[in-house]
Structure formats: structure tokens, C-alpha cells
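Participant:
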Amino acid sequence: MGLLKEFKDFAMRGNVIDLAVGVIIGGAFGKIIASLVADIIMPPVGLLVGGVNFTDLKWEMKAPVIVNGVKKAAVTLNYGNFLQVTFDFLIVAFCIFLFVKGMNSLSRKKEEAAAPAIFEPTKEELLLTEIRDLLKNR
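When the sequence shown is numbered by our numbering, its final residue is 593 and no position is left out of the sequence of numbers.
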């Protein structure tokens with residue numbers, strides 16, 4: 456029973472719950488960014504480079520063959536799909552960078568607002584401090 460209790464304590468700890476929420480939101484965010492890349496960004500980029508759909512780019516290393524009446528698929532190196540996934544990654548990374556940068560600037564503004572202002576002592580306070588020190592030394 457001790458192992459189950461330890462697991463329950465571990466699973467209900469705040470950091471684990473926060474991590475789970477982050478993973479779920481990150482997965483949903485990833486789908487949004489993947490759609491942004493595939494449906495919004497890449498079609499104009501493909502048009503700019505001559506109407507090419509990146510996921511269709513491949514190098515055929517071995518042509519398809521028919522063996523005993525069964526067609527065997529071609530052996531291809533799908534570099535276009537790799538390019539697409541790389542663009543997806545770069546855009547997701549950039550979006551996350553902007554998000555983290557925005558969150559950091561918000562937290563800095565809160566810290567700056569919360570920091571107490573440091574005031575210089577007035578001439579009167581400095582004079583009173585000198586008088587106090589002189590009286591102490593007598």
C-alpha cells in the first residue's frame with residue numbers, strides 16, 4: 456500500500472499537474488501551428504518556388520517493379536516531407552520564442568512595478584544624521 460500512496464503523492468504534486476497541462480496545451484498548440492504551416496504558409500511558398508508541394512518532393516532510388524504479377528513500390532527518399540517538417544519545427548520554435556519573450560517581459564514589468572522606489576535622504580535628514588553621530592561621539 457505504501458507504493459500506491461507514494462505514487463498518488465507524486466502524481467498529485469503541483470509540478471506534475473502543471474507538466475501534464477503543459478503537454479496537453481502544447482499538443483493542441485502544435486496542431487494549430489501545423490495547420491498554420493501546412494494550410495497558410497506553405498502554399499504561397501510553394502507557389503513562389505514554382506508551384507511545388509514540398510511533401511511531394513522525393514528522389515526515386517529504385518523504380519517500382521512487378522514480381523510474379525505483384526507490383527512492388529518504388530524505393531524513394533522523401534526529402535520534401537523532411538523539408539516540410541523542418542519548416543514546421545522552425546515556425547513552432549519561433550512562435551514559442553515569441554510567447555516566452557512576451558511572458559518574460561510581462562513578468563519583468565510586474566517585478567519593476569513591485570520593486571520599492573529608493574529615495575535619497577533629504578538635506579534635513581543628512582543634517583540630523585550628522586548631529587546624531589556628533590552627539591554619540593561626545
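Glycine included, C-beta positions come from ideal geometry on N, C-alpha and C.
Can you list, in chain order, the residues of its chain whose CB lies under 7 Å from that of Asn-508, leaving out five sequence neighbours each side?
Facilitator: Excluding sequence neighbours, Asn-508 sits near Gly-501.
Participant: My output table needs one value for Leu-532: the three-state DSSP class, helix, strand or coil.
Facilitator: Of the three classes helix, strand and coil, the one that applies to Leu-532 here is strand, per DSSP.
Participant: Select from Pro-519, Val-540 and Glu-575 the residue whose C-alpha is nearest the C-alpha of Val-530.
Facilitator: Val-530 has its Cα closest to that of Pro-519, out of Pro-519, Val-540 and Glu-575.
Participant: Among Lys-463, Leu-459 and Met-497, which residue has its Cα nearest to the Cα of Ile-546?
Facilitator: With distances taken between Cα atoms, Ile-546 lies closest to Met-497.
Participant: Just checking, does the stretch 521-536 make contact with the stretch 476-489 on the three C-beta pairs under 8 Å criterion?
Facilitator: No: fewer than three Cβ pairs fall under 8 Å.
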